[in-house]
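To convert a position in the sequence shown, counted from 1, into our numbering, add 36.
Ideal Cβ placement from N, Cα and C applies to all residues, glycine included.
Shown next, in structure tokens, is the structure this report addresses.
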Amino acid sequence: MTNERREKLLKVLYRRQAGLTVVMENVQDPHNISAVMRTCDAVGIQDIYILNTKIPRHKKFGAKSSSSAAKWLSVHQFEDAAACFAALREKYQTILTTHLSSDAISLYDINFTGNVALVFGNEHSGVSDEVRALADGNFIIPQMGIIQSLNISVACAVSIYEAYRQKQLAGHYEQPSLSKERMDLLMDNWGFMDTEKPELE
37 MTNERREKLL
47 KVLYRRQAGL
57 TVVMENVQDP
67 HNISAVMRTC
77 DAVGIQDIYI
87 LNTKIPRHKK
97 FGAKSSSSAA
107 KWLSVHQFED
117 AAACFAALRE
127 KYQTILTTHL
137 SSDAISLYDI
147 NFTGNVALVF
157 GNEHSGVSDE
167 VRALADGNFI
177 IPQMGIIQSL
187 NISVACAVSI
197 YEAYRQKQLA
207 GHYEQPSLSK
217 ERMDLLMDNW
227 GFMDTEKPEL
237 E
């Protein structure tokens, strides 16, 4: 690895955000997942969670949409909702699902300076009742049109860029969020990933 390459990777790791993640529940289209991955990488999210309780585990994602973003992220796949949420609870204080309900809060009322996980559901049926019951609440993206829904990759992009805005104002990108041990491990892994795609967890 060249010094220039190493400096670039270190700069990226320095800005990775341990307190923000995205969960995708039973998202069917691998290109939607890949588009979400690309946006997660762009705002500094390192860990993402893919929960498949009704569809088979994804073996690969749409490379054209992700521009190989998957190999720079830590992808955690689960087939059991309770196990997925147990893992989330170890790292994130607040877990919110995208769901249009009477008690849903606005995206812009979420405090993203804490540790937050956002759950996005299936393209057709949204977040399941089971997952909503495990979460802390629901949120919505304010919309003014007749169709009160967005493509999952668009909804995710809008949401985590609001998180990016808040975290940037709070100075979260000005100091490391990941532990030194985690950064060292990722740097070692990334050193071999220019041409190889890592195995999913």
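With a 10 Å radius around its C-beta and 16 neighbouring C-beta atoms as the bar for buried, classify residue i as buried or exposed.
| i | result |
| --- | --- |
| Ala169 | exposed |
| Met37 | exposed |
| Gln211 | exposed |
| Gln53 | buried |
| Lys44 | exposed |
Just curious, the alpha helix (DSSP H) that residue i is in, first and last residue?
| i | result |
| --- | --- |
| Val194 | Ile188 to Leu205 |
| Asp65 | Careful: Asp65 lies outside any alpha helix (DSSP H) and carries neither H nor E. |
| Leu46 | Asn39 to Tyr50 |
| Glu217 | Lys216 to Trp226 |
Please report the Cβ distance between residue i and residue j, rounded to the nearest whole angstrom; I am assuming they are in contact, meaning their Cβ atoms lie under 8 Å.
| i | j | result |
| --- | --- | --- |
| Glu159 | Val63 | 7 Å |
| Leu109 | Asp77 | 6 Å |
| Thr133 | Ala171 | 5 Å |
By the DSSP assignment, the beta strand (DSSP E) with residue i in it spans what residues?
| i | result |
| --- | --- |
| Ile242 | It is not possible to answer for residue 242, since the shown part of the chain is limited to 37 through 237. |
| Leu87 | Asp83 to Leu87 |
* Asked: Which ranges would you report for the beta strand (DSSP E) in the segment 105 to 167 if only whole runs of at least 3 residues count?
  -> If we require 3 residues or more, the beta strand (DSSP E) runs fully inside the segment 105 to 167 come out as 110 to 114, 130 to 134 and 152 to 156.
* Counting pairs of beta carbons, one from the segment 47 to 62 and one from the segment 154 to 161, are three or more of them closer than 8 Å? -> The way I'd put it, the segment 47 to 62 does touch the segment 154 to 161; three or more beta-carbon pairs between them come closer than 8 Å.
* Spell out a yes or no on whether the segment 185 to 199 and the segment 76 to 91 are touching, meaning 3 or more CB-CB pairs, one atom from each, closer than 8 Å. => The segment 76 to 91 and the segment 185 to 199 touch, with three or more beta-carbon pairs separated by less than 8 Å.
* To do: Evaluate contact between the segment 116 to 124 and the segment 135 to 146, counting only Cβ atoms and requiring at least three cross-stretch pairs below 8 Å.
  => Output reads no: the segment 135 to 146 does not touch the segment 116 to 124.
* To do: Say whether the segment 177 to 189 touches the segment 65 to 77, bearing in mind that this needs 3 or more beta-carbon pairs closer than 8 Å, one atom from each stretch.
  => Between the segment 177 to 189 and the segment 65 to 77 there are three or more inter-stretch CB-CB distances shorter than 8 Å, so the stretches are counted as touching.
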